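Structure first, commentary second.
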Amino acid sequence: MTSQTTIDTTGSGGNAPATPSGATPGKGLRGHPWLTLITVAVGVMMVALDGTIVAIANPAIQKDLGATFAQVQWITNGYFLALAVSLITAGKLGDRFGHRQTFLIGVIGFAAASGAIGLSDSIALVVTFRVLQGLFGALLMPAALGLLRATFPAEKLNMAIGIWGMVIGASTAGGPILGGVLVEHVNWQSVFFINVPVGVLAVVLGVWILLDHRAENAPRSFDILGIALLSAAMFCLVWALIKAPEWGWGDGRTWAFIIASVVGFALFAFWETKVKEPLIPLALFRSVPLSAGVVLMILMAIAFMGGLFFVTFYLQNVHGMSPIDAGLHLLPLTGMMIVGSPLAGAMITKVGPRIPLAGGMALTAIAMYGMSTLETDTGSAIMSVWFALLGLGLAPVMVGATEVIVGNAPMELSGVAGGLQQAAMQIGGSLGTAVLGAVMASKVDSDLAGNWTKAGLPPLTPEQEHQASEAVQVGVPPVAPGTPDAIAAKITGVAHDTFISGMSAASLVAAGVAVVAVLVAFLTKRGENAGAGAGATHI
């Protein structure tokens with residue numbers, strides 16, 4: 023590609039001279055590359071952390087607010103879906119109005135929405151403000167990557183992106199541990215309140231450090247219809263997956279939403295070929311490696327986010343662990359992601375992304391298969407092996423995805439590609455929770471009645487069976503107050519065994535998804551634009 027968009031590092035709208043390696047643009051510390059990295063890392067950490075920190079708090083939220091399983095799913099799904107739908111549009115807003123301004127607005131809005139969740143007294147308000155969190159998080163994520171590309175010289179950009187990816191990976195994996203500490207020693211609201219001081223720090227640093235960058239040929243219009251079509255299609259798909267266990271997979275309502283989703287995606291694709299400035303230029307997908315990178319991110323997130331959703335309920339409700347103990351049991355996952363990320367970055371730099379990404383997804387598949395073998399009495403040592411393998415497998419994908427997707431995009435579309443990479447992860451997370459949640463619910467519904475009868479327990483009415491199924495899907499025994507101890511023990515055994523069968527089925531599906539991702543990883547390659555960066559970066 024010969025057409026290139028230059029990033030203005032002077033704020034004047036013209037082409038800036040190249041910034042030598044290690045030079046500090048602007049006066050004082052403003053625009054310093056490594057301080058810019060620290061600043062955007064604080065904001066990105068807040069968003070990535072919230073993707074999983076809530077998982078450890080879900081049982082407490084569910085109990086405190088009396089939420090159903092589907093409502094708890096929407097605490098996660100609403101956040102991921104808002105992020106996924108908004109990321110690419112947000113990237114274009116950054117190109118148009120400046121990455122610095124977009125980043126700061128995103129941080130302020132995200133922190134404010136977090137505080138509002140902590141003050142909420144109903145599940146409806148929690149979900150509503152989680153959606154707002156996702157929208158503001160979408161503003162700051164692409165802006166952070168845009169600031170890095172515009173600030174770092176070419177020879178340091180890959181290192182910066184690697185550290186950026188490591189922050190996302192470590193924050194994603196570290197969420198359950200921090201969440202465990204806060205839920206156990208404070209309350210579930212503190213999981214959200216913690217974002218307020220972090221947001222204040224990010225704003226202070228941003229005002230002091232960040233230098234504005236925006237594309238010279240910024241978009242002058244926005245694809246409103248494209249945004250609406252993509253949002254509607256994604257909503258219909260996830261809603262169908264979440265409601266299918268309740269409605270039934272053969273129910274007309276389930277298929278109505280699935281068909282509406284397919285039609286929505288088709289209309290979106292058609293419209294994108296007609297509009298002057300599309301939300302997602304479909305020409306991007308002519309690159310097989312880029313398309314493979316996007317699919318790989320979606321598949322990885324389905325396996326990771328969906329699997330993690332059930333592990334927290336398994337540790338707390340089946341093993342009876344406190345939130346902090348549950349978080350500590352996930353330390354092997356966190357630790358291996360932190361250790362594995364820089365190692366994966368070095369390996370990808372040396373041999374390219376194909377082998378590390380395929381190997382990482384293979385380890386992920388093995389780990390998810392191992393998690394399907396967990397029982398009610400599985401010891402911590404066995405659990406740690408599978409969690410560590412999962413962290414080691416995920417690290418190369420977290421770090422390598424930006425190089426594969428952004429590096430294989432044309433220079434003038436790299437900002438859109440950065441948003442696409444993040445959108446793929448959020449879509450995968452939302453689909454993972456929905457798809458594996460549907461597998462769990464279906465398995466519990468099919469096994470519960472038989473297990474209940476085999477245990478010699480009194481028969482349940484249809485309404486009682488439905489309520490029991492809702493409880494068992496999160497590992498909670500449906501023991502009524504005043505139930506004799508012997509009967510309560512039988513109910514607990516049935517509930518835990520049925521939950522384990524559901525989690526095992528969901529983990530096997532996740533393992534299968536990871537195996538498919540191994541094959542997709544072999545279609546990736548290092549992009550020709552991966553090393554292009556700049557103090558006056560051409561992107």
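Numbered according to the numbering used here, the sequence shown spans residues 23 to 561. Note that the Cβ used here is the ideal one computed from N, Cα and C, for glycine as well. Since this is a predicted model, take the numbers as computed values, not measurements.
Helix, strand or coil: how does DSSP classify F215 here?
Here F215 sits in helix by DSSP.
Three-state secondary structure assigned by DSSP to D143
For D143, the secondary structure class from DSSP, reduced to helix, strand or coil, is coil.
Tell me the residue span of the alpha helix (DSSP H) that contains N430.
Boundaries cannot be given for N430, as no alpha helix (DSSP H) includes it and DSSP labels it neither H nor E.
Take every Cβ of the region 357-370, pair it with every Cβ of the region 403-423, and state whether three or more of those distances are shorter than 8 Å.
By the Cβ rule, the region 357-370 counts as touching the region 403-423, because three or more pairs are nearer than 8 Å.
Classify L232 as helix, strand or coil using the three-state DSSP reduction.
Correct three-state label for L232: coil.
Per DSSP, what kind of secondary structure is G272 in: helix, strand or coil?
G272: coil per DSSP, three-state reduction.
Could you give the distance in angstroms between the alpha-carbon of F151 and the alpha-carbon of A135?
Near 6 Å, if we compare the C-alpha coordinates of A135 and F151.
Grouping DSSP H, G and I as helix and E and B as strand, with all else coil, what is F102?
For F102, the secondary structure class from DSSP, reduced to helix, strand or coil, is helix.
Supposed contact pair F102 and G156 - C-beta distance, whole angstroms, cut 8 Å:
Cβ atoms of G156 and F102 come within 8 Å of each other, at about 7 Å.
Nearest neighbour of Q233, chosen from G168, A262, P198 and I190 [CA to CA]:
The sequence given here places Leu at residue 233; Gln does not occur at that position. Ranking the options by Cα distance to L233, first place goes to G168.
Would T61 pass as a contact of L259 if the rule is Cβ separation under 8 Å?
Taking C-beta atoms as the reference points, T61 and L259 fail to come closer than 8 Å.
In angstroms with no decimal places, state the Cα-to-Cα distance between A266 and T546.
Here the alpha carbon of A266 sits roughly 34 Å from the alpha carbon of T546.
Looking only at C-alpha atoms, which of F132, A493 and T475 sits nearest to G73?
For the residues F132, A493 and T475, the minimum Cα distance to G73 belongs to F132.
From which residue to which residue does the alpha helix (DSSP H) around D507 run?
Bounds of the alpha helix (DSSP H) holding D507 are D507 to A543.
Exposed or buried, A146, counting other C-beta atoms within 10 Å across all chains shown (16 or more means buried)?
Label assigned to A146: exposed.
Less than 8 Å between the beta carbons of G349 and G201, yes or no?
Judged by their CB atoms, G349 and G201 are nearer to each other than the 8 Å cut-off.
Contact defined as beta carbons within less than 8 Å: I believe L304 pairs with E294. What is the distance between those atoms, to the nearest angstrom?
About 5 Å separates the two Cβ atoms, so the contact holds.
Cα separation between T124 and G100?
Cα to Cα, the separation comes out at about 22 Å.
Can you tell me whether A135 is helix, strand or coil according to DSSP?
Collapsing the DSSP output to three states places A135 in a helix.
According to the neighbour-count rule (16 or more other Cβ atoms, all chains shown, within 10 Å of its Cβ), is P378 buried or exposed?
Looking at its Cβ environment, which holds 16 or more other Cβ atoms inside 10 Å, P378 is buried.
Cutting at 7 Å between CB atoms, please list the residues of its own chain near P164, excluding the five before and the five after it.
Excluding sequence neighbours, P164 sits near L109, A112, G113, G116, G437, G440, G441 and Q444.
Beta carbon of A417, beta carbon of G362: below 8 Å?
Against a cut-off of 8 Å, the Cβ pair of G362 and A417 comes out as a contact.
In the structure shown, what three-state DSSP assignment does S402 receive?
Annotated three-state conformation of S402 is helix, per DSSP.
Quick one: Cα of K85 to Cα of W261, how far?
Rounded to the nearest angstrom, the two C-alpha atoms are 23 Å apart.
For D30, the three-state DSSP class (helix, strand or coil)
With a pLDDT of 35 at D30, under the threshold of 50, the predicted position of this residue should be treated as unreliable, and no value is reported.
Nearest-angstrom Cα separation, counted from I231 out to G44
Any reading at G44 needs caution, since the residue's pLDDT is 38, under 50, leaving its predicted position unreliable; the model's value is listed next. Each residue's Cα considered, the two are about 15 Å apart.
Quick one: measure Cβ to Cβ for L470 and E487, integer angstroms, because I've assumed they're closer than 8 Å.
Taking a contact as a CB-CB distance under 8 Å, the pair L470 and E487 counts as one, their CB atoms being some 7 Å apart.
Tell me whether L479 is buried or exposed, calling it buried when 16 or more other Cβ atoms sit within 10 Å of its Cβ.
A residue is called buried when at least 16 other Cβ atoms come within 10 angstroms of its Cβ; L479 does not meet this threshold and is exposed.
Taking the continuous alpha helix (DSSP H) assigned at V69, which residues delimit it?
Counted as a single uninterrupted DSSP element, the alpha helix (DSSP H) harbouring V69 occupies residues P55 to L87.
From F409 to L352, what does the alpha carbon distance come to, in whole angstroms?
Computed Cα separation, rounded: 7 Å.
K296 in three-state terms, based on DSSP
Coil at K296, not helix or strand.
Just how far apart, CA to CA, sit I561 and A82?
Residue confidence for I561 is low, a pLDDT of 29 falling below 50, so the modelled location carries little weight and cannot support an answer.
Spatial neighbours of L330 within its chain, please: CB distance less than 7 Å, with the 5 preceding and 5 following residues excluded, ordered by chain position.
Cβ contact annotation for L330 (same chain, cutoff 7 Å, sequence separation greater than five): T74 and A77, in chain order.
Flag this pair as yes or no: are the beta carbons of R376 and A106 separated by less than 8 Å?
No, they are not a contact pair.
Going by C-alpha to C-alpha distance, which of V466, T475, V540 and P506 sits closest to T520?
When each option's Cα is compared against that of T520, the closest is V466.
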